[in-house]
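In the working numbering, the protein residues as written are 1 to 243.
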């Protein structure tokens with residue numbers, strides 16, 4: 001099938017409901033990310049930023065880095081760092097790990113913007129995972145920006161699926177975590193929702209149904225049940241020893 005935008009090249013994927021070739025798909029994704037970032041003016045000239053990612057999402061993080069450094073902010077002379085986190089057996093532990101370690105790194109080097117490579121597939125899977133486990137710790141991550149104290153965690157692909165990123169990829173990519181339940185959800189999404197692209201743009205508001213708890217951990221920003229300073233995970237990191 002011919003690309004519905006340029007009417008010249010072979011379509012390789014669907015972006016925003018249109019079948020597009022590789023070049024047009026890339027351009028549409030870059031414009032989508034730019035529309036999220038530019039109005040807020042969140043990135044400044046000679047700013048310092050971090051690309052933090054679990055090892056299984058390195059390829060997605062590299063795409064984000066290329067879009068920001070080589071395309072959108074090519075004239076901003078940005079200083080950037082990369083931080084790879086090794087995966088754990090739980091996706092919740094992976095998210096906690098990446099928040100805590102990247103925040104510590106950011107504080108050390110006086111950085112206030114951290115880019116995370118979570119796609120719409122990943123975030124929808126996390127929403128379903130949270131419902132299954134009745135644990136909504138990082139439900140507020142489902143969106144473009146996750147603020148924690150003076151640090152902004154930015155998720156440029158929060159509304160972009162892996163399918164839509166095919167213009168940047170040589171082959172069909174499928175990431176694998178060490179959490180088998182989470183992997184099963186990702187597989188279900190891929191099999192059952194591959195023709196329902198619009199769902200990856202419409203599920204984000206569902207998180208409001210589960211944001212009922214008032215308290216947030218001061219360490220990772222996760223939702224907690226009681227007015228304590230830290231969640232169980234962070235208490236092991238931030239609390240002082242009793243001796």
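Beta carbons: idealized from backbone N, C-alpha and C, even for Gly.
Around the Cβ of residue i, are there at least 16 other Cβ atoms within 10 angstroms (buried) or fewer (exposed)?
{"i": "residue 35", "result": "exposed"}
{"i": "residue 231", "result": "buried"}
{"i": "residue 21", "result": "buried"}
{"i": "residue 54", "result": "buried"}
{"i": "residue 107", "result": "exposed"}
{"i": "residue 33", "result": "buried"}
{"i": "residue 49", "result": "buried"}
Going by CA-CA distance only, name the one from the options that's closest to residue i.
{"i": "residue 130", "options": "181, 62, 65", "result": "181"}
{"i": "residue 58", "options": "215, 118, 140", "result": "118"}
{"i": "residue 56", "options": "95, 160, 15, 205", "result": "95"}
{"i": "residue 93", "options": "137, 166, 116", "result": "137"}
{"i": "residue 189", "options": "104, 123, 82, 25", "result": "123"}
{"i": "residue 68", "options": "221, 115, 109, 120", "result": "115"}
Can you tell me which residues form a DSSP beta bridge with residue i?
{"i": "residue 80", "result": "49"}
{"i": "residue 10", "result": "2"}
{"i": "residue 146", "result": "153"}
{"i": "residue 15", "result": "18"}
{"i": "residue 216", "result": "223"}
{"i": "residue 54", "result": "85"}
Straight-line CA distance for residue i to residue j?
{"i": "residue 172", "j": "residue 214", "result": "41 Å"}
{"i": "residue 241", "j": "residue 225", "result": "Unreliable positioning characterises residue 241 in this predicted model, as indicated by a pLDDT of 46, which lies under 50. A coordinate reading is not provided."}
{"i": "residue 134", "j": "residue 185", "result": "15 Å"}
{"i": "residue 76", "j": "residue 132", "result": "43 Å"}
{"i": "residue 78", "j": "residue 113", "result": "12 Å"}
{"i": "residue 187", "j": "residue 126", "result": "13 Å"}
{"i": "residue 74", "j": "residue 62", "result": "15 Å"}
{"i": "residue 23", "j": "residue 3", "result": "10 Å"}
{"i": "residue 159", "j": "residue 238", "result": "33 Å"}
{"i": "residue 15", "j": "residue 29", "result": "8 Å"}
{"i": "residue 193", "j": "residue 174", "result": "14 Å"}
Query raised in the report: Just checking, does the region 39-48 make contact with the region 85-98 on the three C-beta pairs under 8 Å criterion?
Result: no
Query raised in the report: Is the region 1-8 touching the region 146-154 in the sense that three or more CB pairs, one from each, lie closer than 8 Å?
Result: no
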